Ligand code: BGC
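In the working numbering, the protein residues as written are 15 to 466.
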């Protein structure tokens, strides 16, 4: 045990340590496609919750939470700007909103936190939604115009830009599965939206570079571990989902077509528009062929196998070490520096999070040690927040700090103390794990086995 206690897993010098957040989930008082959807009620969102005041970032609490992030010895923070605030009507720019973001960015810098700014994190202005959102042909151009405006107004304070958060999740949730606005269910629309998001990214990349040549621009890609549950069909299904969800979108960035098997399109302008890529990893999904009672036909189902640690509902298996193969795979697809732009776990009582975080970091460290160019890690999330269709469902608490949404009171969780110690040391050490996540100690620092 004494030797194991000396172990120190050091991260590269200059590694970025932060947390990730998104405007609509924390700001409060937004008016966009999501607030309109929330207002409809009717069970669209858990408990018919509305985002409401969220974490009150817009009205001044952002700075209080930035102070918390700084207290964690973070040197970076990922946040998003809300398109509907900055451009409330097409072509009309709200200078007061830009001023508020400027103040937030100044506050981050004053605290030694390098901002990473996301331009699209699932929400659209209502005027855009009304003209068909990303199905509309003009949207990539309008998005690039917005990106240029933000880069002009805020670009002195920002180097790291993330154009779009999780394009495949947005396309699938909003146009295939139909859980998110506008709740369509169409394979054709899903494909068209995915293609438009690639075009939007490419146009925004060029628009930002024209204004801020030193900007470093990428997007954030959710990558799932997809494994077969049942033999044969499960294998085929897993291979198919892995390709469609994790790989297809990168075709145009490598000079190939965006190929969704039943349809493909060429987007040549996407080539060369990634300075980095963001990995977002949460869970492993296993693919089963299953038949629900009364249904005539079996269908593919994604879930965690029995007996494995799992998240709520259809969240999947909690498999933190799987971030390592996801990092390696993403690097093979993109060959650019990687930021882990999100990783986290829904865990209201913080019983799982410390071990989950420590095990995730061990895997990220392994990637660094194998010379994968991982440049930073942003944990999801700094504070509990509005979890989209899950609303404020108490099962979906992601924060290093808990939030009481009645009083806005924050409570520091055990996982925050673990993260603080890691970020201060730029290392995951045995002493830190022993103190803050002892339940993960033997997994992270296993007893050496004698050589036979
Ligand atoms: C999204 C976040 C979300 C988190 C947890 C990611 O897919 O980018 O907005 O809150 O997962 O579900």
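We put the CB at the ideal spot given by N, CA and C, even for glycine.
None of these values were measured; they are calculated from a predicted model.
Residue 95 beta carbon near the ligand BGC (any heavy atom closer than 7 Å):
The answer is no for residue 95.
Cα-Cα separation between residue 247 and residue 276, rounded to whole angstroms:
Computed Cα separation, rounded: 19 Å.
Three-state secondary structure (DSSP) at residue 191?
DSSP, reduced to helix, strand and coil, places residue 191 outside both helices and strands of the structure shown, so it counts as coil.
Opposite residue 206 in the DSSP bridges: which residues?
In the DSSP output, where bridge partners are listed per residue, residue 206 has none listed.
Please confirm whether any heavy atom of the ligand BGC lies closer than 7 Å to the CB of residue 354.
For the ligand BGC, no non-hydrogen atom lies closer than 7 Å to the CB of residue 354.
Which whole runs of the beta strand (DSSP E) in the region 48 to 107 are 3 residues long or more, in chain order?
Counting whole runs of 3 or more residues, the region 48 to 107 contains the beta strand (DSSP E) stretches 90 to 94.
Tell me the DSSP secondary structure of residue 179 in three-state form.
Three-state DSSP puts residue 179 in a strand.
Residues in the same chain with beta-carbon distance under 6 Å from residue 64, minus the five sequence neighbours each way, listed in chain order, please.
Non-local beta-carbon contacts of residue 64 in its own chain, meaning distances under 6 Å to residues more than five positions away in sequence, involve 52 in chain order.
For residue 287 versus residue 230, is the C-beta spacing smaller than 8 Å?
No. Outside cutoff.
Do residue 426 and the ligand BGC come close, with the Cβ less than 7 Å from some heavy atom?
Checking the Cβ of residue 426 against the ligand BGC gives no.
When the Cα atoms are used, what is the spatial distance from residue 166 to residue 226?
Roughly 8 Å between the two C-alpha positions.
Does the beta-carbon of residue 39 have 16 or more other beta-carbons within 10 angstroms, so that it is buried, or is it exposed?
When all chains shown are included, residue 39 counts as buried.
Assuming residue 127 is part of the beta strand (DSSP E), what are its boundary residues?
First-last for residue 127: undefined, no H or E at that position.
Counting C-beta neighbours from all protein chains within 10 Å, is the total for residue 224 16 or more, i.e. buried, or is it exposed?
Classification for residue 224: exposed.
Would DSSP call residue 418 helix, strand or coil?
Three-state DSSP puts residue 418 in a strand.
Proximity test, residue 402 beta-carbon vs the ligand BGC heavy atom, cut-off 7 Å
Residue 402: yes, Cβ under 7 Å from the ligand BGC.
Does the distance from the CB of residue 427 to the CB of residue 367 come in under 8 Å?
One thing to note: residue 427 has its Cβ within 8 Å of the Cβ of residue 367.
Evaluate residue 384 with the Cβ neighbour count: other Cβ atoms within 10 Å of its Cβ, from every protein chain shown; 16 or more gives buried, anything less gives exposed.
Around the CB of residue 384, fewer than 16 other CB atoms lie within 10 Å, so the residue is classed as exposed.
What is the DSSP secondary structure of residue 268, counted as helix, strand or coil?
When DSSP states are grouped into helix, strand and coil, residue 268 belongs to the helix group.
Relative to the C-alpha of residue 221, which residue among 154, 400, 419, 397 is closest?
It is 154.
Select from 239, 205, 98 the residue whose C-alpha is nearest the C-alpha of residue 149.
Nearest option by C-alpha distance: 205.
Return helix, strand or coil for residue 304, following the three-state DSSP convention.
In this structure, residue 304 counts as strand in the three-state DSSP scheme.
Going by other Cβ atoms of all chains shown within 10 Å of its Cβ, with 16 needed for buried, is residue 161 buried or exposed?
Here residue 161 is buried, its C-beta having at least 16 other C-beta atoms within 10 Å.
Relative to the C-alpha of residue 203, which residue among 274, 137, 250 is closest?
When only C-alpha atoms are compared, the closest one is 274.
Is the beta carbon of residue 323 less than 8 Å from the beta carbon of residue 332?
Judged by their CB atoms, residue 323 and residue 332 are nearer to each other than the 8 Å cut-off.
Comparing alpha-carbon positions, which option in 358, 388, 362, 365 lies nearest residue 349?
Looking at the Cα atoms, 388 is the closest of the given residues.
What I want to know is whether the C-beta of residue 46 ends up closer than 7 Å to one or more non-hydrogen atoms of the ligand BGC.
Flag unset: Cβ of residue 46 not near the ligand BGC.
Cβ-Cβ separation, residue 301 to residue 6 (assumed contact under 8 Å), whole Å
With the chain covering only 15 through 466, there is no way to say anything about residue 6.
Terminal residues of the beta strand (DSSP E) in which residue 353 lies:
For residue 353, the enclosing beta strand (DSSP E) has its first and last residue at 352 to 357.
Provide the residue span of the alpha helix (DSSP H) that contains residue 240, from first to last.
First-last for residue 240: 239 to 242, but that is the beta strand (DSSP E), not the alpha helix (DSSP H).
Name the DSSP bridge partner or partners of residue 392?
Within the DSSP secondary-structure output, residue 392 pairs in a beta bridge with 32.
From residue 82 to residue 120, what distance separates their C-alpha atoms?
Straight-line spacing of the CA atoms in residue 82 and residue 120 works out to 16 Å.
Contact between the region 32 to 47 and the region 136 to 145: three or more CB pairs below 8 Å?
They touch, by the three-pair rule.
Alpha carbon to alpha carbon, how far is residue 24 from residue 434?
C-alpha separation (whole angstroms): 15 Å.
Taking all protein chains shown into account, decide if residue 232 is buried (16 or more other Cβ within 10 angstroms of its Cβ) or exposed.
By the 10 Å Cβ count, residue 232 comes out buried.
Local Cβ density within 10 Å of residue 449, reported as buried at 16 or more and exposed below that
Exposed, since its Cβ has fewer than 16 Cβ neighbours within 10 Å.
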